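Novice:
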Amino acid sequence: MDEVAAEKKQMRLEAAARRDELSRDARQDAAEAIAARPFPLKIKAGMIVSGFMPLRSEINPLPLMRRLEEMGAGLALPVIAGRGNPLTMRAWRFGAPLDSAQWGIREPKPEAPQVEPDILLVPLLAFDRTGHRLGYGAGYYDMTLARLRGLKAIAAIGFAFAAQEVAKVPASEHDMRLDLVLTEREVIDLRAS
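Sequential numbering from 1136 applies to the sequence shown in the working numbering.
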């Protein structure tokens, strides 16, 4: 294991523990605070926002996704297409049935159309002010962002608790940067970083 991988592994453990320490009420209040704030990007008719179904103690993006849908955005959720592959984004709307997939993640049924989102809400364990994020280690979002950025201009928005910020996330050359991070305390614009 190289030095960056070892550092990431240790940071994952610490970041998950910090997030797990937040109470259920604090997690819900944070999700609602983010959804209540003005969204930092203009939502145009026909835009697609890909969110995610929260896993374990992740912040819940559903209140914000509901608001974005009310503003005219189409919604999507990621589907794991196998280790070593980018995520497939499938159209989804509130009330549509979901399958339970790898790690218990809920994802759209196979018949849901595949879409190429304009905005991705990205889960994470830790983030820094240079736009780097620490995920769970499989590289799904890095591969997905690289693929989508090769097709069109997209915005990658980290969705996190303020407590998930760290001074520096160890980064490798394949790690894709975030454009913004939304926390319950602030909107962090990283596009000029």
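In this text, a Cβ means the ideal position worked out from N, Cα and C, and glycines have one as well. Because the structure is a prediction, the values reported are computed rather than measured.
Figure out for me which residue from 1289, 1295, 1319 has the closest Cα to the Cα of residue 1176.
Specialist: It is 1289.
Novice: Just curious, the alpha helix (DSSP H) that residue 1278 is in, first and last residue?
Specialist: First-last of the alpha helix (DSSP H) with residue 1278: 1275 to 1284.
Novice: Scan the segment 1244 to 1325 and note each continuous beta strand (DSSP E) run of 3 residues or more that stays entirely inside, going in chain order.
Specialist: DSSP runs (the beta strand (DSSP E)) wholly in the segment 1244 to 1325: 1254 to 1257, 1290 to 1294, 1315 to 1317, 1322 to 1324.
Novice: Tell me the DSSP bridge mates of residue 1184?
Specialist: Residue 1184 pairs with 1210, 1254.
Novice: Would you say residue 1226 and residue 1198 are within 9 Å of each other, going by their C-beta atoms?
Specialist: The answer is no: Cβ separation not under 9 Å.
Novice: Look at the alpha carbon of residue 1188 and the alpha carbon of residue 1302, and state the distance between them as a whole number of angstroms.
Specialist: Cα-Cα distance, rounded: 27 Å.
Novice: Between the alpha carbons of residue 1124 and residue 1241, how many angstroms are there, rounded?
Specialist: Residue 1124 is absent from the model: the chain starts at 1136 and stops at 1328.
Novice: If we ignore side chains and look at the alpha-carbon of each, how far apart do residue 1215 and residue 1279 end up?
Specialist: Cα-Cα distance, rounded: 10 Å.
Novice: Using 9 Å as the threshold, is the C-beta distance between residue 1300 and residue 1165 below it?
Specialist: Going by C-beta atoms, residue 1300 is not nearer than 9 Å to residue 1165.
Novice: Ends of the beta strand (DSSP E) at residue 1225?
Specialist: Start and end: 1223 to 1227.
Novice: Check whether the segment 1195 to 1209 touches the segment 1264 to 1280, counting contact only when three or more Cβ pairs, one atom from each stretch, lie closer than 8 Å.
Specialist: The segment 1195 to 1209 vs the segment 1264 to 1280: no contact.
Novice: Sort 1283, 1208, 1274, 1295 by Cα distance to residue 1163 and report the nearest one.
Specialist: The shortest C-alpha separation from residue 1163 is found at 1295.
Novice: Quick one: give me the first and last residue of the beta strand (DSSP E) that residue 1234 is part of.
Specialist: Unbroken beta strand (DSSP E) run through residue 1234: 1233 to 1235.
Novice: So, residue 1292 versus residue 1269, is the Cβ gap smaller than 9 Å?
Specialist: Taking 9 Å as the Cβ cut-off, residue 1292 and residue 1269 do not qualify as a contacting pair.
Novice: With H, G and I counted as helix, E and B as strand and the rest as coil, what does DSSP make of residue 1191?
Specialist: In this structure, residue 1191 counts as coil in the three-state DSSP scheme.
Novice: Rounded to a whole number of angstroms, what is the C-alpha to C-alpha distance between residue 1203 and residue 1183?
Specialist: About 9 Å.
Novice: When you compare each of 1324, 1326, 1309, 1315 to residue 1221 by their alpha carbons, which one comes out closest?
Specialist: The option with the nearest alpha carbon to residue 1221 is 1309.
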